[in-house]
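Asker: Here the sequence shown is numbered in the working numbering, starting from -14 and rising by one per residue.
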Amino acid sequence: SGPADLLAHWQKVIAEADPTLELNDLDRQAAEAMPALRATFAFALQRLEGFKRERNALDFDDLVDRALRLLTEHDSVRQYWHQAISALLVDEFQDTNQQQRDLIALLNAGGRLFIVGDAKQSIYRFQGAEVAVFRNERKHIERTGGAHVGLTTSYRAHRELVIGLNDLLRPVLGETEDP
């Protein structure tokens, strides 16, 4: 699809979201740049995969993917970890994605799971983190008899600063405790 197709798609999405908005010259320039950006991305990805093969290396996503495959395809490995792990603690759970959540579930297998997170502090969306995974897991824990323990005391900042930041960020994060 070329720039014209992309602009048509963008216009459709914008019209559904807010009919008063219109595309401008910057949008047209961005659409024209997309083929070159896609080609650059494809080239960089090809080089990255080549470097990994040459060096027999794995990146973080490869490690998660291979661990998932190992646990799903090999019962003996999964059983070993089920017996070895009686409780699992995952900090910064708001910065996980579904694949990482699936890995945690395979490792935990009905053991005790403790997750720590704050939806307002989710900062790794650019790496695929989905704050909805945190919310869904928390709801699942509560539905299955687990407890949600809210931590309301901050030892990092004084109360007035926390209140001020919440007021400042309310237009972005909304009114709820857990946006």
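The C-beta atom is built at its ideal place from N, Cα and C for all residues, glycine as well.
Report the residue from Ile108, Asp12, Pro(-12) whose alpha carbon sits nearest the alpha carbon of Ile(-1).
Answerer: Among Ile108, Asp12, Pro(-12), the Cα nearest to that of Ile(-1) belongs to Asp12.
Asker: Three Cβ pairs or more, each shorter than 8 Å: is that satisfied between the region 51 to 64 and the region 91 to 102?
Answerer: Touching, per the Cβ criterion.
Asker: Is DSSP giving Ile100 helix, strand or coil here?
Answerer: The answer is strand: DSSP assigns Ile100 an E or B state.
Asker: Step through the CB atoms of chain B and report whether any lies within less than 9 Å of the CB of Leu73.
Answerer: Reference to chain B is not applicable here, since this structure consists of a single protein chain.
Asker: What would DSSP say about Val49, mapped onto helix, strand or coil?
Answerer: The answer is helix: DSSP assigns Val49 an H, G or I state.
Asker: Alpha carbon to alpha carbon, what distance is there between Ile148 and Thr137?
Answerer: Their Cα atoms are separated by approximately 12 Å.
Asker: Where Gln79 and His133 are concerned, what is the direct C-alpha to C-alpha distance, given to the nearest angstrom?
Answerer: Roughly 14 Å between the two C-alpha positions.
Asker: Identify whether Leu136 lies in helix, strand or coil by the three-state DSSP scheme.
Answerer: Coil, per DSSP.
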